[in-house]
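Here is the structure we will look at.
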Amino acid sequence: SFGASACTDCQGGKYAPSSASSCATCAAGTYSKAIAGSCLLCPAGNFSAASASICGQCSAGTASSIGSTGCTVCLKGTAAPAGSGECAPCANGTYSPTSS
Numbered sequence: 001s002f003g004a005s006a007c008t009d010c011q012g013g014k015y016a017p018s019s020a021s022s023c024a025t026c027a028a029g030t031y032s033k034a035i036a037g038s039c040l041l042c043p044a045g046n047f048s049a050a051s052a053s054i055c056g057q058c059s060a061g062t063a064s065s066i067g068s069t070g071c072t073v074c075l076k077g078t079a080a081p082a083g084s085g086e087c088a089p090c091a092n093g094t095y096s097p098t099s100s
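This note's numbering applies: residue 1 is where the sequence shown begins, and numbers increase by one.
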């Protein structure tokens with residue numbers, strides 16, 4: 001048997017450190033582009049399932065912290081535009097009666 005003549009690229013959502021013999025899957029809450037040596041945490045306001053090549057954005061009325069696997073619905077009295085890291089309290093003179 002012969003050794004490899006070239007190294008194979010890992011696809012998005014997978015990674016391989018140097019000298020790896022195979023690609024590993026990125027965990028939920030992380031992502032990678034193709035040919036990555038490691039996975040990156042999804043930024044606040046975003047989320048991912050395992051083996052993601054991009055993070056999804058939280059919709060309006062929801063929020064997430066760094067490295068999240070999903071978005072949390074804002075509680076009454078708070079609100080968040082799409083892609084928010086946190087639900088912010090409504091300012092004086094404004095309100096949010098229901099969860100979005």
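Yeah, the Cβ is synthetic: ideal placement off N, Cα and C, and Gly gets one too.
> Using the C-alpha atoms, what's the distance from SER19 back to GLY13?
Replying inline: Going by the C-alpha atoms only, they are around 19 angstroms apart.
> According to DSSP, is PHE2 helix, strand or coil?
Replying inline: Three-state result, PHE2: coil.
> Out of GLY56, PHE2 and SER38, which has the shortest C-alpha to C-alpha gap to GLN11?
Replying inline: Selection GLY56, PHE2 and SER38 evaluated against GLN11 yields SER38 as nearest (Cα-Cα).
>> For a quick check, are the C-beta atoms of GLY85 and GLN57 less than 8 angstroms apart?
In response: For GLY85 and GLN57, no; Cβs fall outside 8 angstroms.
> Going by beta carbon distance, what residues of the same chain come within less than 7 angstroms of ALA63, once the five residues before and after it are set aside?
Replying inline: GLY45, CYS71, THR72, CYS74, ALA80, SER84, GLY85, GLU86 and CYS87, listed in sequence order.
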